[in-house]
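Numbering (the UniProt record's numbering), first residue to last: 1 to 1008.
Quick reminder that beta carbons are idealized off the backbone N, C-alpha and C, glycines included.
Structural data, given as structure tokens:
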């Protein structure tokens, strides 16, 4: 991670020197004129050993002059911050934080040394030159050049104290080593003993809270995470800031007001940035639905983005080795926060913002794109220059700088240049990269390192251009495990709407349509009715869809027992009727046109799915329609006519400027539903033709099915399978049986099928026979499993062979075919969608993390799905021992999860402690053999590396072992030894539990 100068004491003093030059020059002079040098080595060359010594000795000199000057400098920080803005202010605030940490350290050091110890340390100039050793150089760099932990969104003021404590301990150790090397230094040992760290932290907190009274940034970091107690400790908090913190606004108005407190309202925004600001702010007044889709009904009024945007709740974490950002279970363990606007203000004023991106995650329809639009509008132009980049609209293979320029060309008709904006800006530059998941899907090469590219982009911009750039990247949660997330990255997941947020959104919808609701032309959707379908109502975009459906007073209300697929069917059919009713003649023509309309929309959905894209170009869609219908006389604009008239589809912003438009569904699940619906209809038709009626027993004609399902894997898109499953469940039993039979017959014969010629002009992907067979067999398998009894699944012997050995061999051969024929995203998504249990393939409905980003993780999953648990265990242990990588939540049993970590931790020093103690308590029905294996490994780990475990973990572990396993004398001795090892460091609150265990082992001795 690139170093921020303001995070080091020396860098902070350089920045402060621009504002308090005389004070810093005096301090520099007292410290030998070396504090602004680049390091200890340069001091030895440029200023001699005496300068290096002075930079250290000045803090313990009898005159206390350096400490006094630094204290005076701290006292001036608040006043200096008031007159700055933009980049200058940001650097000054970070430098101020570094300075108060250093001041607290040196003041407490001075006080604890006292005059007597300082006199005993007095040395001659000659001795000073002789005492310049490696310890002195290390001490200098430790104090002046080591980064000082600063608050950030994922580590607020209170949370940062723990990191500061470690910084203080390390500086104390280095300084102690230096002082004890001086004559009389043996008397300084106690200076850094008990209470030193606590005193420094107390002094730091007093400085921090004093600055927070007048410096808003310090308040942002202090009250983040609802630390109400910290807010109360800030004396003299300004009334304007207090009012903003307490205010409730719409569309991130609070974030605008918070950051507006930092702005110079008289600042002049140049012409280029003013044009960009107007474009960003103008979005707030646009309807919540893109203008090219606002054609649903003239009676319906869509609220503006400003009114419809409801600030979401969120969860947040700093990414590390244990993070699983694609795993919803992992997110459930992160605290829920309701202060998104304050968090954003804290982020954009933190040091982390311009060294690492923020990764903003959410499920489809969670409002990620809407949030970036509102954020671009709300960041004050006096402080921030914001460029929003819809990644779906720019080249997926371009560099970040090129993508930025493409987005600016679109937004300004090529009037704005990134280089001009960054060269002229005295503001903080902000780049919002929206839609990483779509970029990954569209790119022709692996871009899993995109976030690393962002970090490098930030480094180059600041180093070469001197302009810090804050970057926010959005993505669907599900692909977060397919990108390399740099350590320390702030990862935020937007939460679904709660009941109050749903009600708030519906109030705005009602307000926009109040006139027609009162006259009965539009029906109101109440929160109670919407919550009959919480899986839709809790996602902003899908809530809009519900409101549109409910607006028609002629349609049935949203029943609570309606499945998601049935609801989508109602919605699509009703919307299609509304469109075709404008042109259709009699009732028979109306029905025919409705069916044709939905069919063509399904072709569009398949066009996107089979191209692995979220959009389709009109010429491609026309070509698909010709290939699938045989109507080669379709008008040239047929694709545009079909999609341009339908509410669920709109043109992405970038491509409307090209001669050939592209279209996408407003929400990914719209297309996924249509794909599932069309596949089900085709399966039912071919099964009925082969097995139904009095002429049953004909050969299956799967020409069209093969053409549609031989490009990409359905299993990689869980929603398609779920929709298909729901639609299949309500079909008559005889139709279900025929479809299951057809799928088995097709799977048994797919290797021998003849090349299809009827639909060979349908080419959404380049011709590749291996891929075709891989995708087709994968999709037949996915559908077979989806249509089986969820508790039973598909038995291998029923599909892949006459006996277990043959069936298993054929199954593993098919896995190899998929791996070689499918692209990586399809292959991994398909692999994760399946699980093997006792010779049966089932849907893997777990939301747990899949270890695909760990070297060897995909091999482990292949072994698991291939039914080779022993080989999977070997791989997992190898990953733990060789790569020191661990993963949890994707294993067949409790023991398979626990043993690799316990064994690798015991014998590999570089394996870190996992604080998750899930493996202490075995789940129900765990075998005695597994319990014995895990607890034996746990006891060995406790013996070998006792002091590396937290004391509470040791106590909990021993209690669980005793509770679940009756222990013999030898085991009791082991447990006693572990207890004795941790006794000296045991926390007082754990003492009763420790004594209880010790007494129990003592009683065991007596009985023995």
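1) Indicate whether the contact test is met: 3 or more Cβ pairs, each with one atom in the region 280–291 and one in the region 299–314, closer than 8 Å.
2) Quick one: using the 10 Å Cβ neighbour count with 16 as the cut-off for buried, is residue 357 buried or exposed?
3) Could you check the C-alpha separation between residue 531 and residue 801 for me, to the nearest Å?
4) Could you give the distance in angstroms between the alpha-carbon of residue 839 and the alpha-carbon of residue 867?
5) Going by DSSP, what residue range makes up the alpha helix (DSSP H) through residue 475?
6) Which residues does DSSP pair with residue 385 in a beta bridge?
7) In the structure shown, what three-state DSSP assignment does residue 20 receive?
8) So, does the region 675–695 touch the region 622–634, judging by three or more C-beta pairs under 8 Å?
9) Which of the three DSSP states is assigned to residue 663 in this structure?
10) Could you pull out every unbroken alpha helix (DSSP H) segment of at least 4 residues lying fully inside the region 150–208, listed in chain order?
11) Which of helix, strand or coil does DSSP assign to residue 767?
12) Taking only the alpha-carbon atoms, compute the straight-line gap between residue 315 and residue 560 and give it to the nearest angstrom.
13) Among 218, 714 and 836, which residue has its Cα nearest to the Cα of residue 678?
14) In angstroms, rounded to a whole number, what distance separates the CA positions of residue 45 and residue 87?
15) Of the choices 14, 98 and 179, whose alpha-carbon is the least far from that of residue 59?
16) Can you tell me whether residue 620 is buried or exposed? The criterion is at least 16 other CB atoms within 10 Å of its CB, across all chains shown.
17) Whole angstroms are fine: how far does the CA of residue 301 sit from the CA of residue 628?
18) Contact check, residue 784 vs residue 797 under 8 Å by CB: the rounded distance?
19) Going by the beta-carbon positions, is the gap between residue 1016 and residue 383 smaller than 9 Å?
20) Tell me residue 834's beta-bridge partners as DSSP assigns them.
21) Specify whether the region 493–513 and the region 453–465 touch according to this definition: at least 3 beta carbon pairs, one from each stretch, less than 8 Å apart.
22) Does the distance from the C-beta atom of residue 564 to that of residue 723 stay below 9 Å?
23) So, does the CB of residue 835 fall closer than 9 Å to a CB anywhere in chain D?
24) Relative to the alpha-carbon of residue 219, which residue among 482, 827, 349 and 779 has its alpha-carbon at the smallest distance?
25) Return the residue from the list 93, 33 and 108 that minimises the CA-CA distance to residue 68.
26) When you compare only the Cα positions, how much space is there between residue 175 and residue 221?
27) Which of the three DSSP states, helix, strand or coil, is assigned to residue 378?
28) Alpha carbon to alpha carbon, what distance is there between residue 189 and residue 173?
29) Helix, strand or coil for residue 882 per DSSP?
30) I need the straight-line Cα distance from residue 929 to residue 876, nearest angstrom please.
31) Hey, how far is the Cα of residue 807 from the Cα of residue 510?
32) For residue 540 and residue 705, what's the separation of their Cα atoms in angstroms?
33) I'd like to confirm the pairing. Which residues does DSSP put opposite residue 616 in its beta bridges?
34) Taking 8 Å as the cut-off, is the CB of residue 409 close to at least one heavy atom of the ligand ATP?
35) Take residue 99 and list the residues in its own chain whose beta-carbon comes closer than 8 Å to its own, dropping the five residues that flank it on each side.
36) DSSP state of residue 521, grouped into three classes?
By the coordinates alone:
1) yes
2) buried
3) 47 Å
4) So the two alpha carbons sit approximately 7 Å from each other.
5) Not the alpha helix (DSSP H): residue 475 falls in the beta strand (DSSP E), residues 469–476.
6) 429
7) The answer is coil: DSSP assigns residue 20 none of H, G, I, E or B.
8) With a cut-off of 8 Å, the region 622–634 and the region 675–695 do not count as touching, because too few Cβ pairs lie within range.
9) Residue 663 falls in the strand class under three-state DSSP.
10) 157–180
11) coil
12) 29 Å
13) 714
14) Only weak support is given to the placement of residue 45: the predicted model assigns it a pLDDT of 42, under 50, and the question is left unresolved by the model.
15) Each of 14, 98 and 179 was checked against the Cα of residue 59, and the nearest Cα belongs to 179.
16) Per the 10 Å Cβ criterion, buried.
17) 38 Å
18) Residue 784 to residue 797, Cβ: 14 Å. No contact.
19) Within the shown structure, residues of the chain are numbered from 1 to 1008, placing residue 1016 beyond reach of any answer.
20) 843
21) no
22) yes
23) Looking for chain D here will not work: only one protein chain is present.
24) 349
25) Comparing Cα-Cα distances from residue 68 to each of 93, 33 and 108, the minimum goes to 108.
26) 30 Å
27) Here residue 378 carries a helix assignment [DSSP, helix/strand/coil].
28) Distance between the alpha carbons of residue 173 and residue 189 is about 10 Å.
29) helix
30) Going from the Cα of residue 929 to the Cα of residue 876 covers about 19 Å.
31) 59 Å
32) 35 Å
33) DSSP lists 663 as partners of residue 616.
34) As for the ligand ATP, it is missing from this structure, which has no ligand bound.
35) 9, 12, 13, 16, 70, 73, 74 and 77
36) Looking at residue 521 - three-state DSSP - the assignment turns out to be coil, as it is neither helix nor strand.
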